[in-house]
Amino acid sequence: MYMKNQQLPLVIATRNSDLALWQARMVQQLIAEHPVFSQFQPILLPMVSTGDKKLETSLAKVGGKGLFTYELEQAMEQRQAQIAVHSLKDVPVTPDQKYTYSYLGRVYYEDVAVFPTGSKWTRLEDLPQDSVVGTASVRRRALLANKYPHLKVKLLRGNVNTRLAKLDDPAQGYDAIILARAGLERLGLLANYNYQILDQFDWVSAPGQGIVAIQWDKAQLPSILAPLLNDPVNYVLSYLERTVSAKLGGSCSLPLGVYAYFINSEGKAISSSQLSKAFQEQQAQILPQLLARVQPTTKQNNLDSEQLKLIVKTYLELISSDPTLKKALAAFDIQQVRINFYAGDLQAQEFTLNRAYTITFNHEHLVNYHSPQVTALLNHIIQDIVEEAKFAGFEKLLPIVERQLADKQ
């Protein structure tokens, strides 16, 4: 282990909202407790993003999801930070190739409808005709039009606390708002509200929703270690979700939901969080083996890049060959990955595509998640989904949505 005065700073850029800081502190603790990162001292750098400032207009009109990442990326480019932490759903699906990412475990992936404090309502379907639901997401608007056509939609932006404050302000006129469950659970904010978890089979989440992403600047040596913080389960699932979206031109202007999950031989969904937990428990046993083979060191207070690469190579080899890990994962009876897909216009009148796809996938694939063979397997189903969407007329969706957005002005 390294003494404090020998540690190198690892600065973590983050938005300064309560949720962003919660997530950044989680990453800070993860790095501080990880034995391979013992030569680093993780330090938070809170920042205000452009997306946090422009709250009166939809993201589609003010620059998209990149507004939440721009300032953090600038901090990395200027060497003020080495990494940044984001909610993955806020990261553009075609990110700058200057960066690489680690994906952490996902517990909650759903959207929830939240009702004002003291409201008697608990379900969107029971709200009276023309009740007002708040959201800024075109995906959620499209789903509301498709599933709950009796409701009206009103723009709602801001961080989680800001949105809940607007929900509870009668002057704002919201009868419910739609939010990601993950952020509310992390901050413990659901206890005082009636809320409805929106069924994933009818209401498909945004690609990567519920996953915390660590963004690494490839120009800085610590980025070599990014794979050590990857959760393999959500690496696979987010790759499917985000690559489908990217190949279809996914953006804040496109109402598109993609959600992937593992299923067993009985056709039942397997908890990705339980799979992630199995990986984490076994990783605790693998890391001592890793450090017994190669120790992270510094040369004249600088990182040894070749040694970092060797650490990662050895770690991935141990993950793919560890018999105890394979046995633990085999107990989950993984047989397939299923991908739920939804796309539709904002009025649910001109284009709707709601499908589910499956691909054979087992625990051996999962422990070799980083291999070209597994990537090729995932790319095969991605290609099928994209081709079917295009055959169904997907390319006409964006012009329809742009016209519908313009008509609302």
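For the sequence shown, my numbering begins at -8 and goes up steadily by one.
Here a beta-carbon is modelled for each residue, glycine too, at the ideal position from N, C-alpha and C.
Asked: Closest Cα partner of Gly241 within the set Glu297, Phe253, Gly335; Found: Gly335
Asked: Pairwise C-alpha distance: Ala162 and Tyr226; Found: 43 Å
Asked: Straight-line Cα distance separating Glu393 from Ala156; Found: 30 Å
Asked: DSSP-derived helix/strand/coil call for Ile373; Found: helix
Asked: Closest residue to Pro405 among Thr234, Gln73, Gln326 (Cα-Cα distance); Found: Nothing in the structure corresponds to residue 405, since the chain is present only between -8 and 400.
Asked: Closest Cα partner of Val76 within the set Asp295, Arg177, Leu118, Leu35; Found: Leu35
Asked: 7 Å Cβ shell around Met(-6) - same chain, five flanking residues per side excluded; Found: Note on Met(-6): pLDDT 39, under 50, position unreliable in the model; no value is reported.
Asked: Euclidean distance between Cα positions of Leu216 and Lys143; Found: 47 Å
Asked: Cα-Cα separation between Asn401 and Ala66, rounded to whole angstroms; Found: The displayed coordinates of the chain run from -8 to 400. Any statement about residue 401 would go beyond what the structure contains.
Asked: Reduced DSSP secondary structure (H/G/I, E/B, other) of Pro37; Found: strand
Asked: Ala127, DSSP secondary structure in three states; Found: coil
Asked: Rounded C-alpha distance that separates Trp219 from Asp81; Found: Contrary to the premise, residue 219 reads as Leu rather than Trp in this sequence. Answer to the nearest angstrom: the Cα atoms are 23 Å apart.
Asked: Candidates Phe385, Ala104, Leu63: closest to Val39 by CA position; Found: Leu63
Asked: Residue of Glu176, Phe59, Val224 minimising C-alpha distance to Gln327; Found: Val224
Asked: Cα-Cα separation between Pro33 and Thr366, rounded to whole angstroms; Found: 32 Å
Asked: Those residues which DSSP pairs with His77 across a bridge; Found: Ala204
Asked: Delimiting residues of the alpha helix (DSSP H) encompassing Lys404; Found: Because residue 404 is not part of the residues shown, which for the chain are -8 to 400, the question remains open.
Asked: Helix, strand or coil at Tyr184 [DSSP, three-state]; Found: coil
Asked: Among Pro279, Gln364, Trp207, the one whose alpha carbon lies nearest that of Glu355; Found: Gln364
Asked: Contact test: Ala23 Cβ vs the ligand ZN heavy atom, cutoff 6 Å; Found: For the structure depicted, the ligand ZN is absent and the ligand set is empty, with no information on it obtainable.
Asked: Contacting residues, own chain, Cβ-Cβ under 7 Å from Ser110 (five flanking each side not counted); Found: Asn185
Asked: Beta carbon of Ile261 nearer than 7 Å to that of Phe270; Found: no
Asked: Glu272 versus Gln14: straight-line alpha-carbon distance, rounded; Found: 21 Å
Asked: Limits of the unbroken beta strand (DSSP E) element including Gly241; Found: Where Gly241 is concerned, there is no enclosing beta strand (DSSP E), given that its DSSP letter is neither H nor E.
Asked: Nearest to Pro246 (by Cα), restricted to the options Tyr333, Ile350, Arg172; Found: Tyr333
Asked: Contact set for Asp159: own chain, Cβ-Cβ below 7 Å, skip 5 residues either direction; Found: Pro107, Thr108
Asked: Where Leu(-1) falls: helix, strand or coil (DSSP); Found: strand
Asked: Endpoints, the alpha helix (DSSP H) within which Arg70 is located; Found: It is not in any alpha helix (DSSP H) - Arg70 carries neither H nor E in the DSSP assignment.
Asked: CA nearest to the CA of Val235, picked from Ala397, Arg16, Lys381; Found: Lys381
Asked: Simplified DSSP state of Phe342, which is helix, strand or coil; Found: coil
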